[in-house]
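Residues 1 to 519 in the UniProt record's numbering are what the sequence shown spells out, letter by letter.
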Amino acid sequence: MRRIFIGLIILISSVSFGQKRDFQITHNNEKIVGINLIDNTEIKGTEYIFPERIHDTFLDTTNGFLTVQLRGLRKEKWLSNKGNILQYDLNNKNLMWSKKIAYQASSLQQFSNTMILTVANKSNCLDIRTGNVIWEVKNSIYYVDPIDNIGIGYRFKSSTGYSNELEGIDLKSGTVIWKRDLNREYGWNDIFYINDTTMIVVAAGLHSININSGKGWDYNTITGKKDYTGTVAANAVGVAAGLLTGTFVMSTGHNLVRDVVSNSLVDSSYIYFASKEQLSKIEKETGSIVWKYPFPSDLASKSSIFMNDSVIFMVNRGYAFMGYRQLDFGKPFIGAFDRETGQQKYLTLINVKKDPILGFEILDDEMYLVFKNRIAKYSVENGNQIIEKEFPQENYGDLKYFIGNQVFVTNEKEDLISLTQSDTSKVFVFTNQGKTLSIDYQLNVTNTIEYEDLSIYYLRTKDYKFVAKDKQTLIINDNGKRIAEIDATTNAFLIGETLYDKRDNSFIAIDLREIIKNE
1 MRRIFIGLII
11 LISSVSFGQK
21 RDFQITHNNE
31 KIVGINLIDN
41 TEIKGTEYIF
51 PERIHDTFLD
61 TTNGFLTVQL
71 RGLRKEKWLS
81 NKGNILQYDL
91 NNKNLMWSKK
101 IAYQASSLQQ
111 FSNTMILTVA
121 NKSNCLDIRT
131 GNVIWEVKNS
141 IYYVDPIDNI
151 GIGYRFKSST
161 GYSNELEGID
171 LKSGTVIWKR
181 DLNREYGWND
191 IFYINDTTMI
201 VVAAGLHSIN
211 INSGKGWDYN
221 TITGKKDYTG
231 TVAANAVGVA
241 AGLLTGTFVM
251 STGHNLVRDV
261 VSNSLVDSSY
271 IYFASKEQLS
281 KIEKETGSIV
291 WKYPFPSDLA
301 SKSSIFMNDS
311 VIFMVNRGYA
321 FMGYRQLDFG
331 KPFIGAFDRE
341 TGQQKYLTLI
351 NVKKDPILGF
361 EILDDEMYLV
371 FKNRIAKYSV
381 ENGNQIIEKE
391 FPQENYGDLK
401 YFIGNQVFVT
411 NEKEDLISLT
421 QSDTSKVFVF
431 TNQGKTLSID
441 YQLNVTNTIE
451 YEDLSIYYLR
461 TKDYKFVAKD
471 KQTLIINDNG
481 KRIAEIDATT
491 NAFLIGETLY
501 DKRDNSFIAI
511 DLREIIKNE
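Here it is, written out as structure tokens:
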């Protein structure tokens with residue numbers, strides 16, 4: 001993946017580098033982690049046991065180094081603010097170095113042979129073998145291009161704090177190789193690439209950036225709103241959640257409504273994008289506006305857009321965010337626009353105040369919309385409402401969202417299949433009571449599925465899928481047949497033919513060749 005994001009917190013702290021303390025780390029090559037359901041044999045893995053709860057890990061398979069962030073719990077409930085970083089050599093079974101970390105003030109991120117530790121307003125590149133600082137910059141690096149080995153972030157100035165001056169930094173030397181002004185007022189919503197060297201940053205519009213030179217075009221538009229009804233201390237909000245959530249440091253000191261923006265749709269030549277101001281079609285190479293459909297100032301909110309060969313569809317949800325808090329904003333509507341000209345085909349306002357659209361699903365050219373306590377169905381062709389039905393809170397709780405393809409259930413043959421594929425004539429809605437409602441075309445509830453009957457499909461190989469329930473994973477083939485059951489969570493990841501997972505204070509490696517050899 002080309003995109004690696006580093007969430008940072010802007011606080012004042014100090015940290016020591018390259019220390020080595022005594023940590024008791026043991027390993028067990030014969031850990032029983034599951035059972036092969038084909039021949040009923042035990043499955044074994046290698047377990048590495050660390051002295052404290054594992055908060056995060058990074059595995060460098062080239063060198064065989066495992067970076068472990070330890071972070072315990074206070075009163076067995078709250079995450080501790082302090083912890084340790086350990087660099088462990090899996091091949092030689094020894095601790096290479098360790099250092100303390102203050103999680104409220106620091107963030108660690110890695111890729112390939114590069115390790116970036118950010119403390120307060122400085123980013124430090126650490127030697128992966130010793131933990132010593134190779135270079136330091138006054139810049140909170142939060143995005144890294146691992147192929148070109150370039151990091152980007154906003155420059156910190158002692159006199160003014162964080163500016164709009166974005167810098168590209170050579171991660172080998174820490175040298176600033178380019179600078180460019182880029183508005184951060186409403187935060188960053190997304191980053192994606194349009195070719196090998198050019199990224200698009202979604203931040204108060206769209207901005208193309210050549211990762212090597214910093215050059216590119218700008219399409220500026222409004223993706224938030226300043227709220228002067230209250231103020232917050234300037235620079236009090238850090239980048240803990242990352243710019244992509246829109247919570248980066250705001251130098252204005254005003255409460256700010258963010259995320260008044262859609263996803264970006266990209267085809268071979270154009271980008272389609274909605275903001276608070278307008279829905280636009282932008283030339284991908286030049287940033288020129290092909291067409292735009294303007295919105296009244298009080299209409300747009302967080303939205304979703306999708307398209308077919310000739311039409312751009314828009315679902316305006318009727319909410320936005322202030323910090324992490326969702327608030328009613330704009331007006332819910334669905335719309336359709338000609339893909340070539342931007343001409344409106346329909347725009348259907350949903351005139352219910354303080355009842356935003358929580359999710360949508362397309363089925364047989366009909367759009368299902370879920371709200372807190374009702375579901376409505378509209379024609380995709382003309383935007384007209386077909387049917388609407390209330391779902392009283394006392395009977396169903398609050399409706400939350402439509403279930404996706406990643407949710408699996410067991411069928412009558414005891415095979416695991418996707419819930420949405422089990423009956424393609426239905427839509428499935430999850431509630432705050434942990435129940436899933438099966439909804440037919442008349443919006444009747446035909447079945448209620450309990451939470452404990454659901455599993456999550458989170459990983460696959462060429463021939464196998466990994467489906468987890470709680471802390472157990474079933475490995476199934478493409479027909480849903482169960483091959484093996486292992487102790488692994490949805491956090492497990494695959495490198496080559498080895499599955500890795502962390503649990504409490506353990507890191508476990510499982511060679512999958514032993515699981516599927518007899519299938």
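Using N, Cα and C, we set each Cβ at its ideal position, and we do this for glycine too.
Excluding sequence positions up to five away, which residues of its chain have a Cβ less than 7 Å from the Cβ of ASP355?
PHE371 and LYS372, listed in sequence order.
Within 10 Å of its beta-carbon, does ILE150 have 16 or more other beta-carbons around it, so buried, or fewer, so exposed?
The residue in question, ILE150, is buried, as its Cβ has 16 or more Cβ neighbours within 10 Å.
Contacting residues, own chain, Cβ-Cβ under 6 Å from PHE156 (five flanking each side not counted):
Sequence-distant Cβ neighbours of PHE156 in its own chain, meaning closer than 6 Å and more than five residues away, are ASN121, LYS138 and TYR162.
Beta strand (DSSP E) containing THR26: first to last residue?
Run containing THR26: 26-36, per the beta strand (DSSP E) assignment.
So, at 6 Å on beta carbons, what are the nonlocal neighbours of ILE495 in its own chain, with the 5 sequence-adjacent residues on each side left out?
So the list reads THR61, once near-sequence residues are dropped.
If I'm right that SER208 touches GLY287 with Cβ under 8 Å, what's the distance once you round it to whole angstroms?
Between SER208 and GLY287 the beta-carbon gap is near 6 Å, inside 8 Å, which marks them as a contact.
Out of GLU136, THR114 and ASN36, point me to the one whose CA is closest to ILE128's CA.
Measuring from the Cα of ILE128, the nearest candidate turns out to be THR114.
Tell me the DSSP secondary structure of ARG53 in three-state form.
The answer is coil: DSSP assigns ARG53 none of H, G, I, E or B.
Nearest to ALA320 by CA position, among VAL257, GLU277, VAL380 and ILE403, is which residue?
Selected option, being the one with the closest Cα: VAL257.
Between ARG374, VAL352, LEU358 and TYR378, which has its C-alpha nearest ASP364's C-alpha?
Ranked by how close their Cα comes to the Cα of ASP364, the residues ARG374, VAL352, LEU358 and TYR378 have TYR378 in first place.
Would you kindly check if the distance between the Cβ of VAL202 and the Cβ of VAL144 is under 9 Å?
The answer is no: Cβ separation not under 9 Å.
Taking the continuous alpha helix (DSSP H) assigned at LEU419, which residues delimit it?
DSSP places LEU419 in the uninterrupted alpha helix (DSSP H) bounded by 419-422.
In chain order, what residues of the same chain have a beta carbon less than 6 Å from the beta carbon of ASP338, not counting five sequence neighbours either side?
The beta carbon of ASP338 sits closer than 6 Å to none of the beta carbons in its chain outside the five residues before and after it.
Assess, as a yes-or-no matter, whether the stretch 19-39 is touched by the stretch 460-468 under the definition of 3 or more beta carbon pairs within less than 8 Å.
They do not touch, by the three-pair rule.
C-alpha distance - SER275 paired with GLN87, whole-angstrom precision
Each residue's CA atom was taken as its position, placing SER275 and GLN87 some 44 Å apart.
Which ranges would you report for the alpha helix (DSSP H) in the stretch 408-486 if only whole runs of at least 4 residues count?
Correct list: 419-422.
Could you say which of GLY397, ILE387 and ASN308 lies nearest to ASP440 if we only look at CA atoms?
Taking the Cα of ASP440 as reference, the smallest distance to any Cα among GLY397, ILE387 and ASN308 is reached at ILE387.
With distances taken Cα to Cα, identify the nearest neighbour of LEU419 among LEU279, LEU454, LEU79 and LYS465.
Out of LEU279, LEU454, LEU79 and LYS465, the CA that lies nearest to the CA of LEU419 is found in LEU454.
Within 10 angstroms of the Cβ of ASP259, are there 16 or more other Cβ atoms? Answer buried if so, exposed if not.
That one is buried.
What do you get for SER303, buried or exposed, if any count of 16 or more other CB atoms within 10 angstroms of its CB means buried?
With 16 or more Cβ atoms within 10 Å of its Cβ, SER303 is classed as buried.
Simplified DSSP assignment, three categories, for ARG513
DSSP, read as helix, strand or coil, puts ARG513 in helix.
Could you check where the alpha helix (DSSP H) with ASN395 kicks off and where it finishes?
393-396 is the span of the alpha helix (DSSP H), which, as asked, contains ASN395.
Ordered along the chain, which non-local residues of its own chain (more than five positions away) have a Cβ less than 8 Å from that of THR229?
Confidence at THR229 is low in this model, with a pLDDT of 47, below 50, so its placement is unreliable and the value that follows should be read with caution. Result list for THR229: ASN255, in chain order.
Between the Cα of THR197 and those of ASN183, LYS215 and ILE375, spot the shortest distance and give me the residue it belongs to.
Closest by alpha carbon: LYS215.
Reduced DSSP secondary structure (H/G/I, E/B, other) of ALA204:
Note: ALA204 maps to coil in three-state DSSP.
Apart from the five residues on each side of it in sequence, which residues of its chain come closer than 7 Å, Cβ to Cβ, to TYR346?
Answer for TYR346: GLY335, ALA336, ASN382 and GLY383, listed in chain order.
Is residue 537 buried or exposed, if buried means 16 or more other CB atoms sit within 10 Å of its CB?
Outside the displayed span of the chain (1 to 519) sits residue 537, for which this structure offers no information.
Taking the alpha-carbon of ASN92 as reference, which of TYR293, ILE222, GLN326 and ASN63 has the nearest alpha-carbon?
Closest option to ASN92, Cα to Cα, is ASN63.
Please confirm whether TYR219 and ILE282 have their CB atoms less than 9 Å apart.
TYR219 places its beta carbon less than 9 Å from that of ILE282.
Do LYS435 and GLY404 have their C-beta atoms within less than 9 Å of each other?
No, the pair does not count as a contact, with Cβ atoms beyond the cut-off.
Between SER80, LEU59, PHE402 and LEU299, which has its C-alpha nearest ASN432's C-alpha?
With distances taken between Cα atoms, ASN432 lies closest to PHE402.
Just the Cα atoms here: how many angstroms apart are TRP291 and GLY205?
Rounded to the nearest angstrom, the two C-alpha atoms are 15 Å apart.
Cα separation between TYR103 and ILE475?
Each residue's CA atom was taken as its position, placing TYR103 and ILE475 some 35 Å apart.
Of the residues ILE211, ILE200 and ILE116, which one's Cα is nearest the Cα of GLY174?
Of ILE211, ILE200 and ILE116, the residue nearest in Cα terms is ILE116.
Please list the terminal residues of the continuous beta strand (DSSP E) segment that includes GLN104.
For GLN104, no beta strand (DSSP E) segment is defined, and its DSSP state is neither H nor E.
Here's the rule: buried if 16 or more other CB atoms are within 10 angstroms of the residue's CB, otherwise exposed. What is ARG184?
Counting the other Cβ atoms within 10 Å of the Cβ of ARG184 gives 16 or more, which makes it buried.
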